[in-house]
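The listed protein sequences derive, respectively, from chains Z and D. Heads up, the first sequence stops at 674 in my numbering, and the numbers go up one at a time, no gaps. Heads up, the second sequence stops at 173 in my numbering, and the numbers go up one at a time, no gaps. Think of the CB as a built atom: it goes at the ideal place given N, C-alpha and C, for glycine as much as any other residue. Computed from a predicted model, the values in this text were never measured in an experiment. Below is one structure, written out as structure tokens; comments come after it.
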Amino acid sequence: AQKITQTQPGMFVQEKEAVTLDCTYDTSDQSYGLFWYKQPSSGEMIFLIYQGSYDEQNATEGRYSLNFQKARKSANLVISASQLGDSAMYFCAMREGRHTNAGKSTFGDGTTLTVKP
Amino acid sequence: GAVVSQHPSRVICKSGTSVKIECRSLDFQATTMFWYRQFPKQSLMLMATSNEGSKATYEQGVEKDKFLINHASLTLSTLTVTSAHPEDSSFYICSARASGRRYEQFFGPGTRLTVL
């Protein structure tokens with residue numbers, strides 16, 4: 558069974574600094590995808606970044622980058638130059654299977670990030 | 058593009074009544090839709106997966122007779138909470154996946170259900 562672990566219930570970061578949110582996963586499948594989502598207080602889930610298990614390069618999307626260490630089964634999210642609007646809950650998720658309609662996403666417990674001015 | 062809407066965004070109902078929540082993919086065809094439940098400051102718990110035109114697949118512990126899911130078209134899925142009780146109060150989020158989109162899963166804004 559797949560499992561996602563986020564060990565940081567809450568994190569604080571100073572505005573304009575970088576922050577790393579931890580995520581480790583457990584799966585026996587060779588093919589899987591890793592995702593990070595942002596959920597502000599409004600409740601909407603916002604997709605941030607994706608990393609495929611076969612992708613050799615770490616994924617990057619603007620200020621977001623994913624530090625993918627396959628051997629350690631970790632997929633940490635790095636947010637550079639934090640902004641006040643980054644304050645939200647962040648979820649790491651994994652989906653097993655290669656095909657688009659295969660597999661369901663499993664979510665971690667989330668990390669609440671607070672950006673301080 | 059790839060917008061998912063949910064209606065209503067917020068609903069308050071009396072215990073014993075049924076509530077229907079609609080999830081629509083506005084600009085794409087959703088071959089697969091997911092329904093999640095989220096308690097305050099907790100993770101998303103998958104309730105069921107539905108594919109257009111077929112019966113939903115429910116996760117272990119989710120009562121299919123209580124949470125009726127209908128995925129009648131490629132753009133609409135509904136979740137009906139039947140005979141709602143206060144313990145059903147929660148934030149319900151739907152998500153859709155488009156055919157041909159390798160990995161993306163698009164989420165609706167959620168529906169906050171309060172059962173009195």
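| Query | Result |
| --- | --- |
| What in chain Z is Cβ-close to residue 131 of chain D, meaning under 9 Å? | What residue 131 of chain D touches in chain Z: nothing, since even the nearest Cβ is about 13 Å away. |
| Chain D beta carbons: is any one of them nearer than 7 Å to that of residue 618 of chain Z? | no |
| Give me the Cα-Cα distance between residue 74 of chain D and residue 139 of chain D, rounded to the nearest whole angstrom. | 7 Å |
| Quick check on this structure: which residue in D/129, D/130, D/105 and D/109 has the alpha carbon closest to the alpha carbon of residue 122 of chain D? | D/105 |
| Identify which residue in D/59, D/78 and D/116 has its Cα closest to the Cα of residue 68 of chain D. | D/78 |
| Which bits of chain D does residue 667 of chain Z rub up against, with CB to CB less than 7 Å? | 100 |
| Does any residue of chain Z have a CB that is nearer than 7 Å to the CB of residue 125 of chain D? | no |
| Does the Cβ-Cβ distance between residue 615 of chain Z and residue 605 of chain Z come in under 7 Å? | no |
| Output yes if chain D places a C-beta closer than 7 Å to the C-beta of residue 600 of chain Z; else output no. | yes |
| Would residue 569 of chain Z count as contacting chain D if we go by Cβ distances under 7 Å? | no |
| Less than 6 Å between C-beta atoms, sequence neighbours within five positions excluded: which residues of the same chain meet that for residue 586 of chain Z? | 653 |
| Can you tell me the Cβ-Cβ gap for residue 562 of chain Z and residue 665 of chain Z, rounded? I've got them flagged as a contact below 8 Å. | 6 Å |
| What residue range does the beta strand (DSSP E) around residue 70 of chain D cover? | 67-70 |
| Mind reading off the beta-carbon distance from residue 646 of chain Z to residue 596 of chain Z? Whole number of angstroms is fine, and I expect it under 8 Å. | 5 Å |
| Roughly how many angstroms lie between the CA atoms of residue 150 of chain D and residue 621 of chain Z, to the nearest whole one? | 24 Å |
| Do the CB positions of residue 607 of chain Z and residue 592 of chain Z come within less than 7 Å of each other? | yes |
| Pull up the CB-CB distance for residue 152 of chain D and residue 164 of chain D, whole angstroms please, since I reckon it's below 8 Å. | 5 Å |
| Looking at residue 568 of chain Z and residue 670 of chain Z, is the spacing between their C-beta atoms short of 7 Å? | yes |
| Tell me the rounded alpha-carbon separation between residue 579 of chain Z and residue 566 of chain Z. | 10 Å |
| Between residue 94 of chain D and residue 133 of chain D, is the Cβ-Cβ spacing less than 7 Å? | no |
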